[in-house]
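Everything below concerns the one structure shown next.
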DNA sequence: TAATTTACTTGCAGATCGCAAGTGATCCTG
DNA sequence: CAGGATCACTTGCGATCTGCAAGTAAATTA
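Protein chains in written order, with my numbering: chain A, 1 to 135; chain B, 136 to 270.
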């Protein structure tokens with residue numbers, strides 16, 4: 001299930017980017033197609049990694065959220081993020097990455113705290129090359 | 136590059152299963168096709184994650200090995216392994232997983248030590264559902 | 001009530017996947 | 001030394017997936 005680029009990005013964006021809705025993912029700057037996004041969200045739900053809730057304020061909106069199983073991916077996602085920052089071209093600020101490397105457990109704990117508190121404030125800013133520019 | 140199921144499996148098998156050759160991967164029990172394996176090995180080389188050396192004892196054989204960049208994936212791979220053992224059906228023995236969870240840093244250090252020493256002894260046995268049965 | 005927004009679905013061309021058969025280089029055996 | 005076996009692939013092709021662009025239905029907004 002996770003050996004799929006788009007699924008990984010969706011989980012990451014839910015976890016650290018503050019994405020919650022279909023539109024949030026579309027506008028994350030990664031260029032995912034609507035049919036693929038829809039398909040992956042469906043599969044991640046079926047795999048029990050995310051849940052979908054209809055927005056209370058707006059019946060059109062679906063709010064996606066990681067499950068317990070999904071948030072358990074935090075350590076792996078963090079390590080992949082660190083690896084990516086070290087080895088791939090990325091806009092991630094060096095001091096931020098250095099800090100994360102030194103404070104792995106704190107970052108994981110904070111990720112889990114925000115998840116439990118339904119706090120969708122991004123843990124990190126969008127720092128992929130195209131991210132954040134289209135807002 | 137790693138948002139690809141087969142690439143992840145190749146890196147994992149190099150890292151912890153003692154796989155080194157094309158045939159090792161084919162017989163790992165995952166069912167990868169020869170054209171896909173060839174393609175992924177090529178891409179992982181191009182990405183600088185693995186290197187290929189012609190076998191000294193046998194000119195036909197190619198020995199694959201993780202690079203520095205590749206072995207840096209150990210923490211992420213370990214976390215994914217732990218997550219998979221917790222959340223997916225797996226033949227991994229529970230006590231082994233519990234031990235790994237308690238000794239993450241030791242396991243990572245041992246993985247890196249074996250890599251540096253070109254020691255391809257598997258860190259873990261093949262415990263996916265079909266693994267190890269075809270040998 | 002019409003326009004807009006949200007989350008999708010659809011059709012289709014191009015790309016990828018995986019099966020089975022095949023190739024060339026190298027090694028082994030009689 | 002020739003034939004058979006092994007190793008790492010390549011090829012052709014049908015099936016499946018991807019991504020583009022246009023479209024749909026439900027809900028909201030002006």
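For every residue, glycine included, the Cβ atom is placed at its ideal position computed from N, Cα and C.
Keep in mind that this is a model prediction, so the values were computed, not measured.
DSSP places residue 118(A) outside both helix and strand once states are collapsed to three, so it counts as coil. At the C-beta level, residue 67(A) and residue 48(A) come within 8 angstroms of one another. No Cβ-Cβ contact shorter than 8 angstroms links residue 56(A) with residue 111(A).
Judged by beta-carbon spacing, residue 18(A) lies within the 8 angstroms limit of residue 120(A), meaning their Cβ atoms are closer than that value. Unbroken alpha helix (DSSP H) runs of no fewer than 4 residues, entirely contained in the segment 148-236 of chain B, are found at 157-161, 169-181, 203-206 and 209-222, following chain order. Straight through space, the alpha carbons of residue 4(A) and residue 40(A) are spaced by roughly 9 angstroms. Within chain B, the residues placing a beta-carbon under 7 angstroms from that of residue 69(A) are 222, ordered along the chain.
If you compare the alpha carbons of 11(A), 9(A), 10(A) and 15(A) with that of residue 117(A), the shortest gap goes to 15(A). A check of alpha carbon separations from residue 72(A) across 61(A), 59(A) and 109(A) identifies 109(A) as the nearest.
With respect to residue 36(A), residue 25(A) sits apart: the two C-beta atoms are not nearer than 8 angstroms.
By the beta-carbon neighbour count (other beta carbons within 10 angstroms, threshold 16), residue 173(B) is exposed. Within chain B, the residues whose beta carbon sits less than 9 angstroms from that of residue 3(A) are 137, 138, 139, 140, 141, 142, 143 and 144, listed in sequence order.
Sequence-distant partners of residue 205(B) (beyond 5 residues in either direction) whose C-beta falls short of 6 angstroms from its own C-beta, in its chain, are 184 and 185. A Cβ of chain B is located within less than 8 angstroms of the beta carbon of residue 80(A). For residue 88(A) and residue 164(B), the gap between their C-alpha atoms comes out near 31 angstroms. Taking the CA atoms as reference points, residue 93(A) sits about 25 angstroms from residue 7(A). Neighbours of residue 83(A) in chain B, taken as residues at a C-beta separation under 8 angstroms, are given in chain order as 207, 208, 210 and 211.
In terms of Cα proximity to residue 136(B), the closest of 177(B), 213(B) and 232(B) is 177(B).
The Cβ atoms of residue 82(A) and residue 100(A) lie closer than 8 angstroms to each other.
Excluding residues up to 5 positions away in sequence, nothing lies with its Cβ nearer than 6 angstroms to the Cβ of residue 237(B) in the same chain.
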